[in-house]
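The structure appears below as structure tokens.
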Amino acid sequence: MHTVTNKYLLAAAICCFAAALAHLGCIVFGSDWYRFFGAGEQMARMAEQELWYPTIVTSFIVLVLLVWAIYGLSGACAIKRLPLTKLALILITSIFLLRGISFVGLMPMFPENSLTFWLISSGICLFIGGLFAVGTWQQRAVLGGRNA
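Quick note on numbering: numbering that gives the first Met the number 0 labels position 30 of the sequence shown as 29, and the sequence is numbered without any gaps.
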């Protein structure tokens, strides 16, 4: 049985790959990229001092985004089905949407980040979460199997 690739999950996966590349750019190109993407002056200074913390944190984010992109491709039927795809897509959707709406509560924890950073990054999270939500909903019949 051939299934059509889900365009929403495919777009969500592409967005995750793009976000992973942007974060990887911060590691490769350093403090200017951390500043441009709104990571805060403290992260930028640590990158200038060649401390490991920004690289470790950003590498973790890159890894998570890549895994999420691969699960998006799996749910879209663009690659072989991964274990627990349905559960993973529900969790990924929830995390993106929660991050998108919870920025007001997160802002005090990261006072160096500008309001512009919070609005743009939250909007991006809501957009990607929306893609995952619509795509997962559309694929619910395909993903409903025991090994989905």
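Ideal Cβ placement from N, Cα and C applies to all residues, glycine included.
Quiz item: When DSSP labels each residue in this structure, what does LYS85 get in the three-state scheme?
Solution: Sequence index remark: in the sequence shown, residue 85 carries index 86 (1-based). In this structure, LYS85 counts as helix in the three-state DSSP scheme.
Quiz item: What's the C-alpha gap between TYR52 and PHE28?
Solution: Translated into positions along the sequence shown, residue 52 becomes position 53. Translated into positions along the sequence shown, residue 28 becomes position 29. Cα to Cα, TYR52 sits roughly 15 Å from PHE28.
Practice problem: Check whether the region 73-90 touches the region 101-115, taking contact to mean three or more Cβ pairs, one atom from each stretch, closer than 8 Å. | Solution: no
Self-check item: Simplified DSSP state of PRO53, which is helix, strand or coil
Solution: Here residue 53 is taken as the residue at index 54 of the sequence shown, counted from 1. Helix.
Self-check item: MET42 classed as buried or exposed, judged by whether at least 16 other C-beta atoms fall within 10 angstroms
Solution: Taking the sequence shown and counting its residues from 1, one reaches residue 42 at position 43. So MET42 ends up on the buried side.
Quiz item: Are the beta-carbon atoms of SER58 and ILE100 separated by less than 8 Å?
Solution: On the sequence shown, residue 58 is found 59 positions in, with the first residue counted as 1. On the sequence shown, residue 100 is found 101 positions in, with the first residue counted as 1. No, they are not a contact pair.
Quiz item: DSSP three-state call for ALA38: helix, strand or coil?
Solution: Numbered from its first residue, the sequence shown carries residue 38 at position 39. Coil.
Exercise. Tell me, to the nearest whole angstrom, how far the beta carbon of PHE109 is from that of ALA11; I am working on the premise that it is less than 8 Å.
Key: As a working note, residue 109 is residue 110 in the sequence shown. As a working note, residue 11 is residue 12 in the sequence shown. Not quite, the Cβ-Cβ distance comes to about 25 Å (not below 8 Å), so this is no contact.
Practice problem: Would you check if the distance between the CB atom of LEU125 and the CB atom of LEU105 is smaller than 8 Å? | Solution: Residue numbering aside, residue 125 sits at position 126 when the sequence shown is read from its first letter. Residue numbering aside, residue 105 sits at position 106 when the sequence shown is read from its first letter. Going by C-beta atoms, LEU125 is not nearer than 8 Å to LEU105.
Quiz item: Looking only at C-alpha atoms, which of GLU40, LEU83, GLY143 and ILE94 sits nearest to ILE123?
Solution: The residue given as residue 123 occupies position 124 in the sequence shown. Closest option to ILE123, Cα to Cα, is ILE94.
Quiz prompt | Secondary structure of ALA75, DSSP reduced to three states | solution = Reading the sequence shown from its first residue, position 76 is the one you call residue 75. DSSP places ALA75 in coil when its eight states are reduced to three.
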